[in-house]
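Each residue of the sequence shown is one higher than the one before, counting from 0 in numbering that gives the first Met the number 0.
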Amino acid sequence: MKFQSTLFQFFLPPQCPCCETFMEEGEEGFCSNCLSEIHWIEPPFCSICGIPFISKEVENHPCGTCLTHRKYFTIARALGAYERSLQEAIHRWKYKGKVHLTSYFTNWMADGLIHYWGLESLQLLIPVPLHPQRLRERGFNQALLLVRELSRRTGIPYEKRILQKKKPTVPQVNLSGAEREKELRGAFLVSRQEDLEGKVVLLVDDVYTTGATVNECSKVLLRGGAKRVDVLTLAHALKTSSFGI
Ligand SMILES: [Zn+2]
Ligand SMILES: [Zn+2]
0 MKFQSTLFQF FLPPQCPCCE TFMEEGEEGF CSNCLSEIHW IEPPFCSICG IPFISKEVEN
60 HPCGTCLTHR KYFTIARALG AYERSLQEAI HRWKYKGKVH LTSYFTNWMA DGLIHYWGLE
120 SLQLLIPVPL HPQRLRERGF NQALLLVREL SRRTGIPYEK RILQKKKPTV PQVNLSGAER
180 EKELRGAFLV SRQEDLEGKV VLLVDDVYTT GATVNECSKV LLRGGAKRVD VLTLAHALKT
240 SSFGI
């Protein structure tokens, strides 16, 4: 019986990793329905944090939030909006153990990295770290999964020990901007400073939500000797005050 069920599986068409419907012939990666739901981020967007603007009539320029709140990173870029099928896929990947989605995500992210930076300008990839306690709960650091694979695909080295999270922080969804900054202050530290000195760093995470975490990480990395810090995330949450300005 076991042989039969294995054989049966062999003839089943592959499933979409996002919605798990069986794929049509010729479909690869995500099914065409899930793919069509992804809102890929294209210009015009904020020249600093990368949030897309609703109006298509403008050129890239700094958004309201970036004009009033200092950003320590130079530019942040993301592949898609954190909504619908992309949000669902990230959720499955992060909380439901669908780690095979890493290869789809890093395919897109490697394209984005090459598009926005090229392969020559970046010297080091660094994942946004998790506090050891959170790491034990989840079992893996999603940013490290992305960085490892991105490094393999682009040949740019990565370092997971330079940036560490020394203080656990509460989820930031319900905090105001000022509370978020206060909560994150002192949460990260740099070790092995000699490996960071003078480097152009790309900080990597799965989702850019308010930017508070990557901003605090960027500040710490610059103080630790990095020459410049940029940010690449798979998705950018659109529900922030800057959307559409
Ligand atoms: Zn699908
Ligand atoms: Zn911005």
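Note that beta-carbon positions come from the ideal geometry of N, C-alpha and C, so glycine has one too.
Kindly indicate which residue of the options has the alpha-carbon position closest to the one of residue i.
i	options	result
Q163	Y71, F72, L188, E182	L188
G28	E36, P13, E41	P13
N106	Y81, R152, R222, C33	R152
L149	F72, L123, E215, S31	L123
F44	A75, E24, R91	A75
K165	F139, E178, N173, G185	G185
Give a single yes or no on whether residue i has its beta carbon closer than 7 Å to a heavy atom of ligand 2.
i	result
I74	no
T64	yes
P61	yes
E47	In the sequence on display, residue 47 carries Ile and not Glu. I47: yes, Cβ under 7 Å from ligand 2.
I50	yes
Would you tell me roughly how many angstroms separate the C-alpha atoms of residue i and residue j, rounded to the nearest one?
i	j	result
C15	M22	6 Å
K70	V169	22 Å
T232	P128	14 Å
V246	L237	There is no way to answer for residue 246, as the model of the chain reaches only from 0 to 244.
L195	S120	15 Å
P51	N59	9 Å
E183	A211	A quick correction: the sequence has Leu, not Glu, at residue 183. Whole-angstrom Cα-Cα distance: 8 Å.
I258	I161	In the structure as shown, the chain starts at 0 and stops at 244, and residue 258 therefore has no counterpart that could be examined.
R137	C17	20 Å
Y207	G224	24 Å
S54	G63	14 Å
E26	E19	13 Å
G96	G176	31 Å
R222	S84	38 Å
S190	V219	11 Å
R91	L134	17 Å
Y103	D110	11 Å
Cβ-heavy atom distance between residue i and ligand 1 below 7 Å?
i	result
F21	no
F29	yes
N214	no
N140	no
N32	yes
Check the C-beta distance from residue i over to residue j and give it rounded, since I have them as a contact under 8 Å.
i	j	result
G79	H114	Rounded, the Cβ-Cβ distance is 13 Å, inconsistent with contact.
I89	A234	6 Å
P126	L143	4 Å
T73	D204	Incorrect: roughly 16 Å between the Cβ atoms, too far for contact.
T101	L145	7 Å
K226	V199	5 Å
The beta strand (DSSP E) with residue i in it runs from where to where?
i	result
Y115	Element bounds for Y115: not the beta strand (DSSP E) but the alpha helix (DSSP H), 100 to 115.
R179	Note, R179: premise wrong, no beta strand (DSSP E); alpha helix (DSSP H) at 176 to 183.
Hey, could you find the ends of the alpha helix (DSSP H) residue i is sitting in?
i	result
H235	That residue, H235, is in no alpha helix (DSSP H); its beta strand (DSSP E) goes 227 to 235.
V146	141 to 153
I89	83 to 94
Q132	131 to 137
L221	211 to 222
Nearer than 7 Å: is that true of the beta carbon of residue i relative to any heavy atom of ligand 3?
i	result
F44	In the structure shown, ligand 3 is absent; the only ligands present are ligand 1 and ligand 2.
Could one say the Cβ of residue i lies closer than 8 Å to chain B's Cβ atoms, at least one of them?
i	result
A142	Of the protein chains in this structure there is only one, and it is not chain B.
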